[in-house]
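Asks: According to numbering that gives the first Met the number 0, numbering within the sequence shown proceeds without interruption in unit steps and concludes at 328.
All C-beta atoms in this analysis are idealised placements derived from N, C-alpha and C, irrespective of residue type, glycine included.
Model, not experiment: these values are computed from the prediction.
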Amino acid sequence: MNIPYFLTAPADGHDMTSEIEACLAKHGACRLSPGDFLTHGIKMSEGTTIMGEGAATRLFLSPEVESGGAIRLSSFCTVKDLALDGGRSASPEEVGDRHGVLFEGNVFKGDDDHAGQIHNCTVTGCFMCGFSGGGITCRHTGYSPRAAIVASDCHVVNSGAGILVERFSEFHKFTNILCYHNLYGCINNGGNNVFVNCGFTSNKTGFFIDNGHGQSPNCAHGSCVGCTFHHADNNHGIGILVKNEIPGFVFDGCQIGFSGIVLENADCVSFVGMNVLRKVPIRITGGTLTLFASAMFHEAPTVTIENNTAVRFDSCYLKDGTPFDPTKM
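1. Would the beta-carbon of G221 fall within 8 Å of that of G272?
2. Using C-beta distances below 7 Å, list every residue in its chain close to S258, excluding the 5 sequence neighbours before and after it, in chain order.
3. Measuring only the C-alpha atoms, how far is R311 from T77?
4. What are the boundary residues of the beta strand (DSSP E) that K25 is part of?
5. Is T326 helix, strand or coil when you go by DSSP?
6. By a C-beta neighbour count over all protein chains shown, 10 Å radius and 16 as the cutoff for buried, is N234 buried or exposed?
7. Would you mind stating whether A54 and A82 have Cβ atoms separated by less than 8 Å?
8. Sorted by chain position, which residues of the same chain lie with C-beta nearer than 7 Å to C29's C-beta, five sequence neighbours on each side aside?
9. Short of 6 Å in beta carbon distance, which residues of its chain neighbour G134, apart from the five on each side in sequence? Order them along the chain.
10. Can you tell me which of the three DSSP states G53 falls into?
11. Throw me the rounded Cβ distance for the C178 and N210 pair, which I believe falls under 8 Å.
12. Taking the beta carbon of D266 as the centre, do at least 16 other beta carbons fall within 10 Å, making it buried, or is it exposed?
13. Put E93 into one of helix, strand or coil per three-state DSSP.
14. Just the Cα atoms here: how many angstroms apart are S44 and Q254?
15. Going by the DSSP bridge assignment, what does Y183 pair with across the sheet?
16. If I follow the unbroken beta strand (DSSP E) through R342, where does it start and stop?
17. Does the separation of the CB atoms of T56 and S32 fall below 8 Å?
18. S151: which of V193, L290, N306 and K242 sits nearest, CA to CA?
19. Should A299 be labelled buried (16 or more other beta-carbon atoms within 10 Å of its own) or exposed?
20. Give a yes or no on whether the C-beta atoms belonging to L60 and G86 are separated by under 8 Å.
21. Leaving out the 5 sequence neighbours to the left and right, which residues in its chain are closer than 6 Å to K79 when beta-carbon positions are compared?
22. Short check: CB of L72 to CB of L37, under 8 Å?
23. Grouping DSSP H, G and I as helix and E and B as strand, with all else coil, what is Q254?
24. Check the DSSP bridge columns for H229 and list the partner residues they point to.
25. Just the C-alpha distance for F199 and L58, rounded to the nearest angstrom, thanks.
26. Tell me the DSSP bridge mates of V271?
27. Since R166 sits in a beta bridge, which residues does DSSP pair it with?
28. I'd like to know whether the C-beta atoms of T174 and N196 end up nearer to each other than 8 Å.
29. Here's a check: name, in chain order, each residue in its chain whose Cβ is nearer than 7 Å to the Cβ of T106, leaving out the five neighbours to either side.
30. May I have the straight-line CA-CA distance separating A309 from N264, to the nearest angstrom?
31. Looking at V268 and F248, is the spacing between their C-beta atoms short of 8 Å?
32. Going by other Cβ atoms of all chains shown within 10 Å of its Cβ, with 16 needed for buried, is P144 buried or exposed?
33. Is DSSP giving F126 helix, strand or coil here?
34. Who pairs with G141 in a beta bridge, going by DSSP?
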């Protein structure tokens with residue numbers, strides 16, 4: 000192919016990290032052929048694009064790498080149409096530090112200078128599997144909308160977390176990301192992050208927020224819109240787990256089935272227009288206002304409320320039209 004930034008998969012399987020990084024630095028783009036590429040972690044140059052031929056282009060993170068990403072982003076980078084493989088055939092017992100796409104900044108506290116911040120990047124059309132950390136990981140990116148990732152139309156499987164948003168990482172946007180067979184579908188400990196039409200189904204735990212150790216200065220406020228949280232831990236797990244969260248999170252137009260909802264010391268969490276299927280126990284402990292509004296319940300779930308007098312069920316119904324409000328029973 001007569002494209003100056005085109006690289007062909009090597010027949011001998013040697014590590015292609017240096018060739019790919021050199022191509023990015025020289026041409027601003029690198030297109031990979033179908034086939035297998037071994038890497039110890041590609042560090043993208045600023046303003047560059049790496050692309051492949053979808054699942055036919057497989058980028059493997061070397062087993063010798065203990066921590067890092069198969070691809071590490073710089074400012075204004077694009078990753079598209081690649082299969083990234085961390086080598087695991089099943090999700091790990093705990094979240095590790097081998098990631099698919101790593102978007103890592105240098106902001107560690109609220110008054111950090113943002114002059115050296117990594118700026119906006121895009122990830123789309125990728126298949127990711129077998130990473131001990133996140134398929135897509137955002138870490139220390141700060142609280143500026145100029146330092147955000149937009150990710151869409153990806154699959155993540157057999158990893159520590161499908162999406163991993165660690166401390167102090169905000170304004171990220173995730174759309175049409177399907178995360179399944181992971182330890183966590185998503186860990187979201189940053190603020191202002193939005194998840195639209197994402198699937199967090201058939202994971203050990205579906206969607207997890209924990210700000211108990213100050214993971215973000217203003218914690219995990221944000222929203223899930225049109226997302227699904229089904230079949231956690233073989234129908235016996237937790238689909239939505241929110242702990243020590245402030246100052247508010249919205250689940251709007253989402254579906255959950257065969258997975259529990261657990262809130263612990265969470266403030267201002269709302270479930271609006273939810274379609275709640277069967278076997279969805281709800282446990283709320285501590286915290287402030289928790290609102291279920293205009294939700295449909297296919298069966299009356301077991302609801303346990305402790306140390307919280309601000310739980311509200313507004314215009315909620317069972318599937319036969321019977322009003323449902325366990326706080327008045």
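Replies: On the basis of the supplied data:
1. no
2. Excluding sequence neighbours, S258 sits near G205, F228, H229, H230, A231, G236, I237, G238 and V279.
3. 43 Å
4. Segment T16 to H26 is the alpha helix (DSSP H) holding K25; no beta strand (DSSP E) there.
5. helix
6. exposed
7. Yes, Cβ-Cβ distance for A54 and A82 is below 8 Å.
8. Y4, L6, I19, C22, L23 and I49
9. Hits under 6 Å: G99, M127, V155, S158 and G161.
10. helix
11. Going by Cβ atoms, the distance from C178 to N210 rounds to 21 Å, so no, they are not a contact pair.
12. Flag for D266 reads buried.
13. coil
14. 40 Å
15. According to DSSP, which records beta bridges pairwise, Y183 is partnered with A160 and T204.
16. Nothing about residue 342 can be reported from this structure: the residues present for the chain run from 0 to 328 only.
17. In this structure, T56 lies near S32, with their beta-carbon atoms less than 8 Å apart.
18. V193
19. With fewer than 16 Cβ atoms within 10 Å of its Cβ, A299 is classed as exposed.
20. Closer than 8 Å, so yes.
21. M50, T123 and G124
22. no
23. Here Q254 sits in strand by DSSP.
24. Its beta-bridge partners are G256.
25. 24 Å
26. D251 and A292
27. In DSSP, R166 forms no bridge with anything.
28. yes
29. A quick correction: the sequence has Val, not Thr, at residue 106. Non-local C-beta neighbours of V106 in its own chain, meaning closer than 7 Å and more than five positions away in sequence, comprise H113, Q116, H139, T140, G141 and F167, ordered along the chain.
30. 12 Å
31. yes
32. exposed
33. Looking at F126 - three-state DSSP - the assignment turns out to be strand.
34. S168
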